[in-house]
Amino acid sequence: MIVGLSPEEWIVLTLSLKVSLVAVTVSLPICFCIAWMLARWHFPGKLLVDALVHLPLVLPPVVTGWLLLLLFGMNGLIGRWLSDVFGVTLLFRWTGAALAAAIMAVPLMVRAIRLSIEAIDRRLESAAATLGASRLRIFLTISLPLALPGVLAAVVLGFARSLGEFGATITFVSDVPGETRTLPIAIYAAMQMPDGEPIVTRFAILSILLSLGALIVSEILVRRIARGGRHVI
Amino acid sequence: MSFDIDVKQTRSGRPITLFCRTDSPLVALVGPSGVGKTSILNMVAGITSPDQGHIIVAGQTLFDSDTGIDLKTARRQVGYVFQDRRLFPHLRVRANLAYGRRAAMSMDMDDVLAFLGIGHLLDRWPHSLSGGEAQRVAIGRALLSGPRFLLLDEPLSSIDRDRKAGILDAIDQIRRRSPIPILYVTHDVAEAERLSALIVTMHEED
Chain L
4 MIVGLSPEEW IVLTLSLKVS LVAVTVSLPI CFCIAWMLAR WHFPGKLLVD
54 ALVHLPLVLP PVVTGWLLLL LFGMNGLIGR WLSDVFGVTL LFRWTGAALA
104 AAIMAVPLMV RAIRLSIEAI DRRLESAAAT LGASRLRIFL TISLPLALPG
154 VLAAVVLGFA RSLGEFGATI TFVSDVPGET RTLPIAIYAA MQMPDGEPIV
204 TRFAILSILL SLGALIVSEI LVRRIARGGR HVI
Chain Z
4 MSFDIDVKQT RSGRPITLFC RTDSPLVALV GPSGVGKTSI LNMVAGITSP
54 DQGHIIVAGQ TLFDSDTGID LKTARRQVGY VFQDRRLFPH LRVRANLAYG
104 RRAAMSMDMD DVLAFLGIGH LLDRWPHSLS GGEAQRVAIG RALLSGPRFL
154 LLDEPLSSID RDRKAGILDA IDQIRRRSPI PILYVTHDVA EAERLSALIV
204 TMHEED
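Here it is in structure tokens:
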């Protein structure tokens, strides 16, 4: 156990990590597909899709949380379907917090991945085709590895954004200790208590260390990949 | 017949045409910069498609606008050495050479490494190679893919004078070791003459 953390605080920390990891892991393939579509495809309504993907970035988080409530709440279109068919409810659950975190992270992740896909030299893909590679092989051996630094950046950005997610989460799944009380919500809750200052300080330091750690790990990974060389010769 | 090419393509309002029907195993496309020599190679490789015409290389129809034949690039078995080389930057030389290797059809790996003089480069990254080294690796990669024909796009450009002779020697070696047709693009007639190639001159279309 980390020195200085009470069992309750430890629960907050592990819950935050779980919510962020699940949010990023589940949304990553979806973000990659959206980014690929926006970077490579031309289709009617592309501008609208682009705007919708980026909407959580500019909307007040409370509005995003309210929309999630409308859609995934007990009487929501998707929420009722999930409950009827799978017996699953996201309201007041950590899975709902992960969904809110993922939705808020999607714009940042899509943006980072899209930029890295757009930066891929398409001439390398045509070179691979002349060497007999199928489209799938070109994707797996050329496009994906070359987009990897952007994917890693997206993972770190998404993770950091999920760790810091507050507005949409508290609106959608509220503050349930042990279930939806993530770091930012715990900090907010502690700030409402007359003697909560030390808790706020510890959680704030923890948040800074986690975010800093994620950034450093990502930088190390990106440099390790870049060591292989990125210049087209 | 090595090459039977009769194509027309219009790019940004500028027409590019070529008619070339020959049994010569080495054809040099010669002409000023911007005349469309690389565009012709891209059409033969299947990277772009002509607006009309046909491309038949070594008896195989790669494109024919009349019959609707347009083989995908990956199925043309082309060995394309690009002017900008296009070595994969995230793969070492060894992996670059092996990328398109068809062991049953390609030249022997050791043989290619020896006559191109690139055996000592296998563990290097592409960005650490000189222009001449990168060009020889690009030629090796194309040869090892077991091509039915070779496209060489200005293989001597951006290489210093001392290295040029080495690359020309390598091309001579390829001709001696492999009977596959070669389409060679250059803006230097002397270079084509040095290789005893059939020279086809391209001119600006009006």
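Line by line, the protein sequences are chains L and Z. Numbered per my numbering, the first sequence spans residues 4 to 236. Numbered per my numbering, the second sequence spans residues 4 to 209. Built from N, CA and C at the ideal position, the CB exists for glycine as well.
Against chain L, with Cβ distances strictly below 8 Å, would residue i count as a contact?
i	result
phenylalanine 118 of chain Z	no
tyrosine 187 of chain Z	no
phenylalanine 85 of chain Z	yes
threonine 76 of chain Z	yes
alanine 173 of chain Z	no
isoleucine 72 of chain Z	no
isoleucine 183 of chain Z	no
arginine 139 of chain Z	no
phenylalanine 66 of chain Z	no
phenylalanine 152 of chain Z	no
histidine 123 of chain Z	no
alanine 193 of chain Z	no
alanine 48 of chain Z	yes
phenylalanine 6 of chain Z	no
phenylalanine 22 of chain Z	no
serine 161 of chain Z	no
Output needed for residue i: all residues of its chain with C-beta closer than 8 Å, excluding positions within five of it in sequence on either side, in chain order.
i	result
histidine 206 of chain Z	Gly34, Val38
proline 53 of chain Z	Val10, Lys11, Gln12, Met46, Phe66, Ser68
glycine 79 of chain L	Leu72, Leu73
valine 56 of chain L	Ile37, Leu41, Val109, Pro110, Val113
leucine 139 of chain L	none
aspartate 111 of chain Z	none
isoleucine 120 of chain L	Ala38, Trp39, Ala42, Arg43, Ser146, Ala150, Gly153
isoleucine 162 of chain Z	Gly134, Gly135, Gln138, Ile170
If you follow the alpha helix (DSSP H) that residue i is in, where does it begin and where does it stop?
i	result
tyrosine 191 of chain L	186–194
leucine 147 of chain Z	134–147
glycine 49 of chain Z	First-last for glycine 49 of chain Z: undefined, no H or E at that position.
aspartate 156 of chain Z	Looking at the DSSP string, aspartate 156 of chain Z is not in any alpha helix (DSSP H); the run it does join, the beta strand (DSSP E), is 152–156.
leucine 290 of chain L	With chain L covering 4 to 236 only, the question about residue 290 of chain L has no answer from this structure.
alanine 171 of chain L	170–176
alanine 163 of chain L	147–166
alanine 117 of chain Z	112–119
valine 96 of chain Z	96–101
Which first and last residues belong to the beta strand (DSSP E) in which residue i is found?
i	result
aspartate 7 of chain Z	6–14
valine 38 of chain Z	Per DSSP, valine 38 of chain Z belongs to no beta strand (DSSP E) and is neither H nor E.
Determine which residues share a DSSP beta bridge with residue i and list them.
i	result
proline 18 of chain Z	Z:Thr13
arginine 24 of chain Z	Z:Asp7
valine 60 of chain Z	Z:Phe6, Z:Gln63
glutamine 55 of chain Z	Z:Lys11
glycine 82 of chain Z	Z:Leu153
leucine 171 of chain Z	DSSP, once it has assigned bridges, lists no residue as partnering leucine 171 of chain Z.
isoleucine 72 of chain Z	Z:Asp67
leucine 29 of chain Z	Z:Ile185
What residues in its chain sit with their C-beta under 7 Å from that of residue i, if we drop five residues either side in the sequence?
i	result
serine 27 of chain Z	Ser5, Leu201
phenylalanine 175 of chain L	Gly68, Leu71, Leu72, Gly99, Ala103
valine 115 of chain Z	Gly143, Leu146, Leu147
aspartate 115 of chain L	It is alanine, not aspartate, that sits at residue 115 of chain L in the sequence shown. Excluding sequence neighbours, alanine 115 of chain L sits near Gly153, Ala156, Ala157, Leu160.
isoleucine 190 of chain L	Val203, Phe206, Ala207
Give every residue of the same chain whose Cβ lies closer than 6 Å to the Cβ of residue i, excluding the five residues on either side of it in the sequence, and list them in chain order.
i	result
valine 25 of chain L	Ala101
alanine 132 of chain L	none
arginine 17 of chain Z	none
serine 42 of chain Z	Ile19
leucine 100 of chain Z	Gly143, Arg144, Leu147
Hey, does residue i have any beta-carbon neighbour from chain Z nearer than 8 Å?
i	result
arginine 227 of chain L	no
proline 152 of chain L	no
isoleucine 236 of chain L	Residue placement at isoleucine 236 of chain L is poorly supported in this model, since its pLDDT is 42, which falls under 50; the coordinates are not used for a value here.
serine 119 of chain L	no
leucine 18 of chain L	no
isoleucine 223 of chain L	no
serine 129 of chain L	yes
arginine 125 of chain L	no
leucine 149 of chain L	yes
isoleucine 145 of chain L	yes
Which residues of chain B have a Cβ atom closer than 9 Å to the Cβ of residue i, listed in chain order?
i	result
glutamine 80 of chain Z	Looking for chain B here will not work: the only protein chains present are L and Z.
task: Ignoring anything shorter than 4 residues or poking outside the stretch 55–141 of chain L, list the alpha helix (DSSP H) runs there in chain order.
output: 64–75, 80–89, 97–121, 125–133, 138–141
field: alpha helix (DSSP H) runs contained entirely in the stretch 174–207 of chain Z, provided each spans 4 or more residues
entry: 192–197
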